[in-house]
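Report on one structure; see the data block that follows.
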Amino acid sequence: MTRWNNSEKKLDNRLLLNIGGTRHETTVSTLERLPNTRLGKLAKLKEEDEAYDQEKGEYFFDRHSRCFEVILQYYRSEELHIDSSLCGSVLQREFEFWGLQEQDIEPCCWSDYSKYTEHKQTLADLDQSFAFVEDTAWSDRSSAYRRISQRLWTFLEEPRSSRLAKLYAIISMFFVVLSIGVFVLETHKLFQVDKYTGKPMTEVDPDDSTPTGSVAVCCCENERKNNTSTLAETHIVLKSLDYVCVVYFSLEIITRVLVAPDKKKFIKSPLNIIDLVCLLPHYVAIALDALDTSGATRTLFKSIMMLRVIRVLRIFKLMKHYSAFKILVYTIKVSSKELLLMIIFLLSGVLMFASLIHYVEPENFPNIPIGVWWALVTMTTVGYGDKYPISYLGFVMGSFCVICGVLVIAFTVPIVVNNFTLYYSHAQTRIKLPAKKKKARRLLMEMTREMGKRNAERKRSQEREKQNDTKNVHFDELDRAKASNRNVRISSHSSDDNNACSPVETTKLQHKNLAREMLAKAEDARGKMEEQKRKQEELVSKKKEERAKRQRQLASQASNLPSMPIDYVG
1 MTRWNNSEKK
11 LDNRLLLNIG
21 GTRHETTVST
31 LERLPNTRLG
41 KLAKLKEEDE
51 AYDQEKGEYF
61 FDRHSRCFEV
71 ILQYYRSEEL
81 HIDSSLCGSV
91 LQREFEFWGL
101 QEQDIEPCCW
111 SDYSKYTEHK
121 QTLADLDQSF
131 AFVEDTAWSD
141 RSSAYRRISQ
151 RLWTFLEEPR
161 SSRLAKLYAI
171 ISMFFVVLSI
181 GVFVLETHKL
191 FQVDKYTGKP
201 MTEVDPDDST
211 PTGSVAVCCC
221 ENERKNNTST
231 LAETHIVLKS
241 LDYVCVVYFS
251 LEIITRVLVA
261 PDKKKFIKSP
271 LNIIDLVCLL
281 PHYVAIALDA
291 LDTSGATRTL
301 FKSIMMLRVI
311 RVLRIFKLMK
321 HYSAFKILVY
331 TIKVSSKELL
341 LMIIFLLSGV
351 LMFASLIHYV
361 EPENFPNIPI
371 GVWWALVTMT
381 TVGYGDKYPI
391 SYLGFVMGSF
401 CVICGVLVIA
411 FTVPIVVNNF
421 TLYYSHAQTR
431 IKLPAKKKKA
441 RRLLMEMTRE
451 MGKRNAERKR
461 SQEREKQNDT
471 KNVHFDELDR
481 AKASNRNVRI
491 SSHSSDDNNA
501 CSPVETTKLQ
511 HKNLAREMLA
521 KAEDARGKME
531 EQKRKQEELV
541 SKKKEERAKR
551 QRQLASQASN
561 LPSMPIDYVG
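Structure below.
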């Protein structure tokens with residue numbers, strides 16, 4: 001009898017949970033460990049729970065089954081450990097449904113769980129930093145200029161938009177390479193000519209004086225013998241190519257300024273600033289040649305022409321359409337704290353080892369600045385070899401310097417690399433987003449804008465209605481007077497309130513008051529229904545507790561009964 005009662009108790013204590021098609025079996029005592037959660041309430045209600053299926057004898061929840069394994073294990077072991085393969089966002093939603101707190105996660109698993117919030121925020125910032133063309137929603141009701149500007153902007157900025165856009169990108173890259181190539185080649189003698197004789201600089205002899213009788217040549221004879229570089233002039237072919245590049249880049253930047261959706265953001269772009277600075281020396285040279293040729297002007301011209309060195313930075317325009325380059329720049333910007341930390345550690349080590357090597361080998365390193373150069377080259381493992389220790393103690397210092405440099409760089413660089421990997425993978429996924437998804441996202445953004453406009457209009461109309469209500473307060477007095485069959489004369493301090501009320505306005509106000517009364521009655525009725533429902537739930541829970549208490553008493557009484565001996569008849 002006792003064994004039968006114990007087995008019956010074990011069967012009553014077991015529960016079958018169907019979570020998203022996966023069945024889990026547990027006991028009531030396990031779920032009662034957390035009584036304030038969803039499963040804890042299920043342990044109290046049992047068959048009366050809304051999730052109970054009487055036909056199959058199980059509780060069904062259409063939730064994430066793998067997340068539930070983590071949650072059920074928390075009830076069993078009282079330690080909340082999560083699976084690193086599960087997304088933190090999914091776990092958060094499941095915790096909210098089952099009534100668990102994310103603060104209960106063990107410290108060993110908290111880093112894996114908190115990664116999703118950091119990644120989510122980081123990727124959201126990445127989307128805002130990069131202007132993906134497909135995310136820009138343009139309304140069909142925009143003006144013709146707006147639509148044309150949008151098409152031109154897409155053509156200029158997005159090579160993947162069409163074949164012509166890809167061809168334009170190739171042409172733009174060609175002119176960038178041509179501009180940089182002209183700047184590099186014009187410094188070589190092979191592409192320079194003598195500005196007096198027109199001969200190539202490779203054929204000019206500095207000691208050769210030209211007996212032409214020319215005043216310019218005679219005056220410049222001493223200059224030619226002392227410094228031939230001042231007489232060098234760029235070949236006419238390279239000059240022509242340079243002017244062609246100037247015209248192309250001028251037309252390009254003017255067009256892009258006109259069609260840019262955000263002109264302030266366009267002007268602040270570093271690449272566009274580089275284009276403007278590269279074009280400035282050419283136009284200044286043209287203006288100076290047309291206005292003045294004095295010595296002071298020439299000095300100013302030479303100082304301005306030094307800005308032509310910036311045209312080398314146009315090489316970054318070649319990488320503008322490559323997501324890897326954009327991600328690299330963004331990674332350096334975001335990882336500025338880690339890079340600053342690395343620089344601080346590196347400079348600290350450089351100053352320390354530079355001071356030590358100066359006092360260890362004062363003959364080889366006569367001052368600390370030279371030691372700083374040696375320590376910096378050594379810690380970064382470059383090792384030019386121009387300065388190096390020669391004593392045994394100096395060798396020991398150099399060894400420690402190399403080890404410290406490797407450790408400093410090895411501890412900080414992987415952080416930047418991990419950020420770059422995360423951003424690059426997200427950018428590649430973003431670019432490969434299907435066209436239907438992009439279109440749906442554009443439509444969603446358009447709908448969001450329309451809803452925002454409608455909400456703003458609705459708020460403005462509500463404010464106008466409130467203002468009208470405050471102006472027409474005297475209508476309530478008139479209605480009360482009519483209800484009591486009394487004639488009331490409306491008085492007001494303002495001249496506007498002296499106007500008589502029309503019957504139509506009075507009827508509207510009566511309907512409004514009636515609607516308010518009905519709404520108040522509905523609120524009261526809903527409150528009463530909720531109160532009754534709460535009382536019924538309390539009554540049901542009390543009955544269940546009494547029933548469970550009675551069952552436990554009966555079970556305890558049955559277990560205390562003495563077992564009857566069984567006589568066998570031979």
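Take the sequence shown: its letter number 73 is residue 73 in UniProt numbering, and every next letter is one higher.
Using N, Cα and C, we set each Cβ at its ideal position, and we do this for glycine too.
Since this is a predicted model, take the numbers as computed values, not measurements.
Item, Value
"Tell me which residue opens and which closes the beta strand (DSSP E) that F61 is part of.", "58 to 61"
"Just mark R311 as buried or exposed, buried being the case when its beta carbon has 16 or more other beta carbons within 10 Å.", "buried"
"What does DSSP give as the partner residues of H24 in its beta bridges?", "L17"
"Please report the distance separating the alpha-carbon of S240 from that of V182.", "10 Å"
"Going along the chain, which residues of its own chain have a beta-carbon closer than 6 Å to the beta-carbon of G371, five neighbours each way excluded?", "A354, I357, H358, F365"
"When we look at the beta-carbon of T37 and count the other beta-carbons within 10 Å, is it buried (16 or more) or exposed?", "buried"
"What did DSSP end up calling R256 once you bin it into helix, strand or coil?", "helix"
"My output table needs one value for Q150: the three-state DSSP class, helix, strand or coil.", "helix"
"Look up E361 in the DSSP assignment and say whether it is helix, strand or coil.", "coil"
"Is the stretch 19 to 37 touching the stretch 64 to 71 in the sense that three or more CB pairs, one from each, lie closer than 8 Å?", "yes"
"Give the C-beta separation of R161 and T154 to the nearest angstrom, bearing in mind that I take them to be a contact with Cβ-Cβ under 8 Å.", "Checking the sequence, you will find Ser at residue 161 rather than Arg. Sure, about 5 Å apart at Cβ, within 8 Å."
"What are the partner residues of E233, as DSSP defines its beta bridges?", "V193"
"What distance in whole Å lies between the Cβ atoms of M342 and T412, which are believed to be in contact at a cut-off of 8 Å?", "4 Å"
"Spatial neighbours of G383 within its chain, please: C-beta separation below 8 Å, excluding the five flanking residues on both sides.", "V377"
"Which ranges would you report for the alpha helix (DSSP H) in the stretch 341 to 403 if only whole runs of at least 4 residues count?", "368 to 379"
"Between the Cα of H188 and the Cα atoms of T234, L178, V247, which residue gives the shortest distance?", "T234"
"With DSSP as the reference, label L45 as helix, strand or coil.", "helix"
"Take G57 and list the residues in its own chain whose beta-carbon comes closer than 7 Å to its own, dropping the five residues that flank it on each side.", "L16"
"Comparing C-alpha positions only, which one of L288, R256, P261 sits nearest to L276?", "R256"
"Are S85 and Y116 touching if we call contact CB-CB under 7 Å?", "no"
"CB L126 to CB Y322, shorter than 7 Å?", "no"
"Ignore the nearest five residues each way along the sequence and tell me which others in V408's own chain have a CB closer than 8 Å to its CB.", "M342, F345, L346, G349, M379"
"Give the straight-line distance between the Cα atoms of T122 and P389, rounded to the nearest whole angstrom.", "46 Å"
"So for P503, helix, strand or coil by DSSP?", "At P503 the pLDDT is 49, less than 50, meaning the model places this residue with poor confidence; the figure from the coordinates comes in the next sentence. Helix at P503."
"Does DSSP put Y52 in a helix, a strand or coil?", "strand"
"So what does DSSP say about D135, is it helix, strand or coil?", "Note on D135: pLDDT 44, under 50, position unreliable in the model; no value is reported."
"With a 10 Å radius around its C-beta and 16 neighbouring C-beta atoms as the bar for buried, classify R42 as buried or exposed.", "The sequence given here places Leu at residue 42; Arg does not occur at that position. Per the 10 Å Cβ criterion, buried."
"Pull the bridge partners of R31 from the DSSP assignment, please.", "Looking at the sequence shown, residue 31 is not Arg but Leu. For L31, which the question treats as bridged, DSSP gives no partner whatsoever."
"DSSP on R80, reduced to helix/strand/coil?", "The question names Arg, but residue 80 in the sequence shown is Leu. Three-state DSSP puts L80 in a strand."
"Measuring CB to CB, does L178 end up less than 7 Å from C245?", "yes"
"Taking the straight line between their C-alpha atoms, what separation do you get for P414 and G405?", "15 Å"
"With distances taken Cα to Cα, identify the nearest neighbour of I180 among Q462, R547, K317.", "K317"
"Would the beta-carbon of D49 fall within 7 Å of that of L80?", "no"
"Tell me the rounded alpha-carbon separation between S391 and A410.", "29 Å"
"At which residue ranges does the stretch 308 to 339 contain complete beta strand (DSSP E) runs of 3 or more residues, listed in the order of the chain?", "none"
"May I have the straight-line CA-CA distance separating R308 from A427, to the nearest angstrom?", "34 Å"
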